[in-house]
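Shown next, in structure tokens, is the structure this report addresses.
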Amino acid sequence: MEKKKTQIEEFERNIYDIYDSDSIDYQVKKGLTEDIVTEISESKNDPEWMLGLRKNSLKIYNEMELPKWGPSLHELDMDNIVTYVRPKASMTDDWRELPDDIRNTFERLGIPEAEWKSLSGVGAQYDSEVVYHSMREQLLEQGVIYTDMETALREYEDIVKEYFMKLLPATEHKFMALHGAVWSGGSFVYVPEGVKVNMPLQSYFRLNAPGAGQFEHTLIICEKNSSLHFIEGCSAPRHNTINLHAGGVELYIKEGATLRYSTIENWSKNMLNLNTKRALVEKDGKIEWVSGTFGSHITMLYPMSILKGENAKSEFTGVSFASSNQYLDTGSKVVHAAPNTSSTISSKSISKNGGNTTYRSAVTIMPQAKNSKCSVICESLMMDDLSRSDTIPVMDVRNDKADIGHEAKIGRISEKSIYYLMTRGLSEEEAKALIVRGFVEPVTKELPLEYAVEMNRLIGLELEGSIG
Amino acid sequence: MGISFEKINQLQVPTWNWLKINSVSLDVAENGLYSYSKEARLTLPENVRAERLFVQPKSAKIPSSMKQNYDFISENHNSSVALTIPEGALPDSPIIIDYFLDKDNSLLNDYIYIKAEKDSEATVIIKYGGDNCEDAFHSGFTFVEAGENAKVKLIKVQMLPKNALHIDAVAVWSKDRAAAEIILNELGSARTVASCNILLKGEQSSGNLGGIYIGKGQEEMDFNYRIELAAKETEGDITVRGTLTDSSKKTLKSTLDFMTGASGSKGSEEETVLTLSDKAVNLSAPLLLCGEDDVEGRHATSTGRPDSGKLHYLMCRGFDRREAEQLLVEASFTPLLSKIEIPEIRQEIKEYIGVSIHG
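For the record, the sequence lines run as chains A and B. Heads up, the first sequence is in the UniProt record's numbering, so the first residue is 1 and it goes up one at a time. Heads up, the second sequence is in the UniProt record's numbering, so the first residue is 1 and it goes up one at a time.
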């Protein structure tokens with residue numbers, strides 16, 4: 001069969017690219033100074049310790065260098081980034097109370113509909129502030145707390161103080177320090193002991209303002225034997241200036257608890273997405289990461305699981321899809337720090353039209369993590385010779401009673417597979433689309449229906465008519 | 001006076017600094033070391049030319065990652081051998097270059113240039129051994145130019161004294177339809193920093209890189225193995241088998257780089273590590289880099305103790321645990337050791353491995 005290059009068209013982004021030009025109530029000046037950090041803190045009525053944390057983070061930010069690995073961040077000029085933008089909306093638990101433009105944006109993205117059909121609660125952040133938050137009555141009765149971080153800081157200050165940036169200290173890297181200095185918005189979830197939250201909670205982050213940064217902080221505590229599925233979505237309209245996202249996600253999973261954390265990220269292609277996520281998993285606990293990365297100009301994102309307690313587990317399932325002018329550097333980190341811990345990493349990537357994907361991972365087996373197991377599988381699909389796909393895993397094994405397996409594959413769509421499907425009556429286009437859909441299926445099948453639909457909107461439906 | 005290397009053995013694409021895997025820097029005190037003043041012992045078939053000269057490669061380039069190694073050797077070499085296997089030559093026995101360090105010859109910087117001309121076929125074995133010296137230092141650079149349709153097999157056997165420091169680099173440049181097979185047996189030394197770069201520049205050329213290592217005591221090893229698939233229909237395979245005992249530490253950086261234009265190329269890398277001690281440290285970074293869609297690349301890494309079922313089976317048949325482990329280690333090395341044609345050298349390596357595992 002004659003060899004032909006596969007082509008995939010650009011995604012349809014219409015619903016994501018609508019920009020609200022009149023939604024800003026107040027914003028700080030461009031740049032990053034102690035005055036700006038103090039201004040953000042004062043506008044939020046932070047307690048003294050939080051102002052101290054912000055100032056200390058700024059100091060660390062100024063002392064740290066940019067990473068010397070990964071994609072170049074030379075386009076980032078902090079002097080041109082606005083770190084806090086307050087929208088013209090106060091937080092409410094009634095969609096009807098939101099300004100029309102903001103409400104319409106979330107309706108176009110399908111958030112209220114999803115809340116009504118299949119979610120236990122929803123938070124919606126617009127630029128730097130959460131504008132909508134609600135949760136079903138039944139969860140309130142069970143003692144579940146789901147609110148924005150600012151409210152949590154006021155009403156549950158002791159809990160926030162105990163956990164906030166303890167898992168993700170400002171010293172972690174330059175953008176965690178930046179996050180500590182200017183964080184705003186995000187979600188706080190507390191699931192009491194033994195409570196199983198049957199329907200997911202979802203937070204959606206929309207960055208509307210050009211040249212702005214979004215620095216939301218998500219803090220989830222799942223107490224002993226509880227369970228939760230938390231979904232995070234994010235998008236932004238396309239601008240001609242660089243936008244920055246440097247959120248922080250801290251997840252505490254106590255003994256016997258399970259947390260699934262699903263993300264569909266569809267930032268616009270002027271976004272530098274430098275997000276940091278970490279989970280601490282105690283005895284018999286489990287973290288499940290499901291991650292889809294589609295948008296952004298540059299993404300550097302490696303959710304990390306620290307398996308601190310015996311029998312703790314981590315599963316990571318991720319897919320990334322890079323097109324022209326995109327550099328998606330994603331993967332996962334796992335630290336096995338206790339006996340009988342186990343982890344799996346399954347990563348898929350697709351590169352087309354000059355897009356760059358990098359799978360980057362680190363698996364560390366500590367000396368005390370006897371009888372631990374880790375299995376890593378990563379597969380990369382190259383659609384043309386303009387694109388790049390790199391795999392950069394590292395395994396650090398420090399005891400002899402661990403079983404570690406790692407497999408990776410790279411290449412184009414198998415011509416044998418296309419031929420086989422064509423002999424069964426499919427056209428070449430249908431065969432290729434079917435194969436690509438099958439390639440990402442391990443991720444779509446892990447998502448709730450609404451998000452699988454969004455992912456299909458991003459991949460499946462677009463592929464079907466355009467591969468060839 | 002000392003010898004200094006800054007950030008050698010660099011990972012082609014760096015990653016998180018905290019992993020401490022990106023590069024190696026080291027300083028060596030030369031006090032008490034004596035320059036190698038003996039000639040290398042050469043065993044040459046009739047139709048191979050050898051000169052004791054430093055011959056720079058003409059058309060081929062030194063990989064940028066090895067420039068520091070090459071510059072050091074070009075300035076400081078105290079032994080050099082240039083081999084030419086003439087066009088069409090098919091020597092009937094391997095070429096052997098044998099170095100042996102002792103207390104009066106404890107500092108060796110060797111440069112070996114191998115040119116296999118068109119349609120030639122040869123095996124070159126380079127041995128590094130030593131005895132009776134408290135400390136020893138070896139730095140080596142071997143350059144292989146494989147001409148059109150040439151077949152070169154290079155086997156290096158490093159069994160230097162237990163306190164030695166060993167820094168070695170092998171660069172291979174292949175033309176159309178050339179086949180290079182490199183087998184690196186890193187068995188001795190307190191510290192090893194070894195690299196091999198095979199550039200498949202010619203269409204339908206192939207490179208096979210086999211690595212054997214064994215870590216014992218406090219030994220530290222850093223390997224950087226890389227195959228660049230730079231032309232159409234090239235094939236590159238990296239196979240590494242290792243065993244770690246005691247408090248030894250090993251870092252393996254292995255890279256398959258499918259460059260744009262290498263359509264129809266295939267490559268695989270595989271590492272199997274047997275760990276026999278809970279104090280051993282094992283780091284692996286198997287990179288797959290790809291700038292071409294019409295390729296097939298894969299890698300697989302596994303690490304763990306010898307299979308308990310196999311151990312049990314052997315122990316049921318009368319072997320004690322130590323013997324059974326040794327048999328399994330030998331078995332894991334067998335696919336690579338079987339490529340060494342000379343039985344005496346193969347046996348010497350097996351005995352060295354046996355002593356290394358259980359003293």
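The beta carbon of each residue, even a glycine, is placed where N, CA and C say it ideally should be.
Residue contact check for His406/A against chain B: a CB pair falls below 8 Å. Using a Cβ-Cβ distance cut-off of 8 Å, the stretch 134-151 of chain B and the stretch 177-186 of chain B are in contact, since at least three pairs of beta carbons, one from each stretch, lie closer than that value. Scanning chain B for C-beta atoms nearer than 9 Å to the C-beta of Ala246/A yields nothing, as the closest lies near 17 Å away. Cβ-Cβ distances below 8 Å link Ala152/A to Ile145, Ile159, Val160, Phe188 and Leu219 in the same chain, with the five nearest sequence neighbours on each side left out; the list follows chain order.
Chain B places no beta carbon closer than 8 Å to that of Ser347/A, leaving this residue out of the contacts. In summary, Tyr190/A is buried, with 16 or more beta-carbon neighbours lying within 10 Å of its beta-carbon over all protein chains present. Per DSSP, the unbroken alpha helix (DSSP H) holding Thr334/B starts and ends at Arg321 to Leu337. Residue state for His217/A is assigned as strand, using DSSP reduced to three classes. The Cβ of Met382/A sits closer than 8 Å to at least one Cβ of chain B. Bounds of the beta strand (DSSP E) holding Pro87/A are Val85 to Pro87. Under the DSSP assignment, Ser23/A falls outside any beta strand (DSSP E); it carries neither an H nor an E label. DSSP lists Glu145/B and Leu199/B as the beta-bridge partner residues of Trp173/B. Here the alpha carbons of Pro367/A and Lys117/A stand approximately 47 Å from one another. Close to Asn282/B, with beta-carbon spacing below 7 Å, are these residues of chain A in chain order: Val397. Less than 8 Å divides the Cβ of Lys253/B from the Cβ of Ala285/B.
For the stretch 251-281 of chain B, the set of residues with a beta-carbon nearer than 7 Å to any beta-carbon of chain A comprises Thr260, Thr275, Leu276, Ser277, Asp278, Ala280 and Val281, in chain order. Contacts with chain A at 8 Å (Cβ-Cβ) include Ser302/B. Judged by DSSP in its simplified three-state form, Gly180/A adopts helix. Taking 7 Å as the upper bound on Cβ-Cβ separation, chain A lies near no residue of the stretch 136-164 of chain B.
Rounded to the nearest whole angstrom, the C-alpha separation of Arg191/B and Asp71/B is 21 Å. Looking only at Val295/B, Gly264/B and Glu270/B, the smallest Cα-Cα distance to Thr239/B is reached by Glu270/B. Taking all protein chains shown into account, Met78/A has fewer than 16 neighbouring C-beta atoms within 10 Å of its C-beta and is therefore exposed. Taking 8 Å as the cut-off, the beta carbon of Gly236/B is found closer than this to the beta carbon of Gly267/B.
Linking His138/B to Ile167/B through their CA atoms gives a straight-line distance of about 6 Å. Between Ser380/A and Thr364/A, the CB-CB gap reaches or exceeds 8 Å.
From the beta-carbon of Ala285/B, the residues of chain A found nearer than 9 Å are Ile392, Pro393, Val394 and Met395. DSSP, reduced to helix, strand and coil, places Met383/A outside both helices and strands of the structure shown, so it counts as coil. In the structure shown, Trp49/A falls within a helical segment according to DSSP collapsed to helix, strand and coil. Judged by DSSP secondary structure, Ile3/B falls within the beta strand (DSSP E) whose first and last residues are Gly2 to Ile8. DSSP places His77/B in the coil class of the three-state scheme, outside both helix and strand. Identification of chain B residues near Ser389/A by a Cβ-Cβ cut-off of 7 Å yields Cys290, ordered along the chain. Here the alpha carbon of Ile357/B sits roughly 27 Å from the alpha carbon of Leu108/B. When rounded, the separation of the alpha-carbon atoms in Ser338/B and Tyr352/B is 16 Å. Below the 7 Å Cβ cutoff, chain B contributes Pro14, Thr15 and Trp16 as neighbours of Trp69/A, in chain order. Between the stretch 433-441 of chain A and the stretch 316-324 of chain B, the count of C-beta pairs closer than 8 Å stays below three; the two stretches do not touch.
The criterion of a C-beta distance shorter than 8 Å is not satisfied by Ala402/A and Ser375/A.
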